[in-house]
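Here the protein sequences line up with chains A and B, keeping their order.
If you count the first sequence from 1, you need to add 1 to reach the working numbering.
If you count the second sequence from 1, you need to add 682 to reach the working numbering.
A quick write-up on the structure given underneath.
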Amino acid sequence: MRKLQYLFSALAALFLATPAFAQGADAVSPWTPIGAGIGMALAAGLCGLAQGKATASATEALARNPGARPGIFTFLILGLAFIESLALFTFVIIFLYVK
Amino acid sequence: MPHQLFFTKILNDLFARPVDALLAMAHQTPKHLDAPITNTFAMEVLVFLVLVVYFISIRATLSVETPGPVQHLAEMTHGFINDQGESIIGHGHEKFTGYLTALGLFIVMCNLLGLASPWLESPTANPRVPLGLALVTFVYYHIYGIKANGFGYVKQFLGPVWWLYPLMLPIEIISHLARILSLTVRLYANMFAGDLLTLAFFSLVPLGIPLLFLGLHLGVAIVQAYVFVLLAMIYLSLAVSHDH
Chain A
2 MRKLQYLFSA
12 LAALFLATPA
22 FAQGADAVSP
32 WTPIGAGIGM
42 ALAAGLCGLA
52 QGKATASATE
62 ALARNPGARP
72 GIFTFLILGL
82 AFIESLALFT
92 FVIIFLYVK
Chain B
683 MPHQLFFTKI
693 LNDLFARPVD
703 ALLAMAHQTP
713 KHLDAPITNT
723 FAMEVLVFLV
733 LVVYFISIRA
743 TLSVETPGPV
753 QHLAEMTHGF
763 INDQGESIIG
773 HGHEKFTGYL
783 TALGLFIVMC
793 NLLGLASPWL
803 ESPTANPRVP
813 LGLALVTFVY
823 YHIYGIKANG
833 FGYVKQFLGP
843 VWWLYPLMLP
853 IEIISHLARI
863 LSLTVRLYAN
873 MFAGDLLTLA
883 FFSLVPLGIP
893 LLFLGLHLGV
903 AIVQAYVFVL
913 LAMIYLSLAV
923 SHDH
């Protein structure tokens, strides 16, 4: 019961917070390009770290068990695509909102 | 008058009038009445025509004793998708192979078109084309999910216990819709970023270096087509599974 209470209070807080997202769409700040640059740099850097980690694990797994190549390859490509798409979301949002 | 590629110009010269009439029937007026067909659509039509010719030529020269080179190519792609489907979907994957192969070939052709020649461009670098493909895939896997599970397909959207149902249903619906978004944006952003990257480096160093990025773009184009088909397969396998 206590847990449910926490859950619903968190949900209520989220609903209250929704109007905050809708404000200030037209405001053009001189800091926008800098923000976009920092955002893209963070996304690209962390995406690089994550992809490196994924590839390192895949290579290690391949070295330990070369027979499992097809399965590892499929999951590696899939994971890389998912990780990469996060950086690409950032890219698309920056491209859409920063003129 | 917008910038038109060679093939777009031909299409517009031939079909501008009927396309305008068709759009008027849907109460739409194109921005340029002389050129209602955009480059993207013209490139899609080009890919469609090439694929239809390819499939017809395979069908016409099909033979068991002396398979030609085109048939070898077709068997290779079909076999590749079939093997992937068998390892991911498992039992009953054969009926999806046709759709998935067509999807994969279409995306590969679309992605590589931009690299093929300066008179062509990638239709997938426009968000509308990946969106169309993602929507078709979305409808397709839901239809097969309903076919495989009947009314029990609804259970996939609900949680394990009844009091979680009101919480899980919106989350599941949003996550299924997010699949459309992620499929669309992944393909579009990769193709678009590849084009932009080559352009940016071409404006920095107009000799030699951009070639490297063209090579990278070639790899990305093929991998993204593969990923799109792979994800379509995984969504299909989740939809038709009986575990729930």
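Note that CB positions come from ideal geometry on N, CA and C, so glycine has one too.
Item                                                                                                                     : Value
Inter-stretch contact at 8 Å, needing at least 3 Cβ pairs: the region 817-825 of chain B / the region 888-897 of chain B : no
Contacts that residue 872(B) makes with chain A (C-beta to C-beta distance below 7 Å)                                    : 89
Nearest residue (CA-CA) to residue 918(B), options 858(B), 693(B) and 686(B)                                             : 858(B)
Chain-ordered residues of the region 853-867 of chain B with a beta carbon less than 7 Å from chain A                    : 864 and 867
Under 9 Å by beta carbon: chain A residues contacting residue 912(B)                                                     : 75, 78, 79 and 82
For residue 758(B) and residue 710(B), the rounded distance between their alpha carbons                                  : 43 Å
Distance CB(residue 99(A))-CB(residue 37(A)) smaller than 8 Å                                                            : yes
First through last residue of the alpha helix (DSSP H) which encompasses residue 908(B)                                  : 891-922
Interface residues of chain A facing residue 908(B) [CB-CB closer than 8 Å]                                              : 78
Buried or exposed (CB count within 10 angstroms, at least 16 for buried), residue 66(A)                                  : exposed
Residue 51(A) and residue 95(A) closer than 8 Å at C-beta                                                                : no
Distance CB(residue 907(B))-CB(residue 790(B)) smaller than 8 Å                                                          : yes
Where residue 721(B) falls: helix, strand or coil (DSSP)                                                                 : helix
Residue nearest to residue 831(B) in terms of C-alpha spacing, selected from 845(B), 920(B) and 871(B)                   : 920(B)
Where residue 777(B) falls: helix, strand or coil (DSSP)                                                                 : helix
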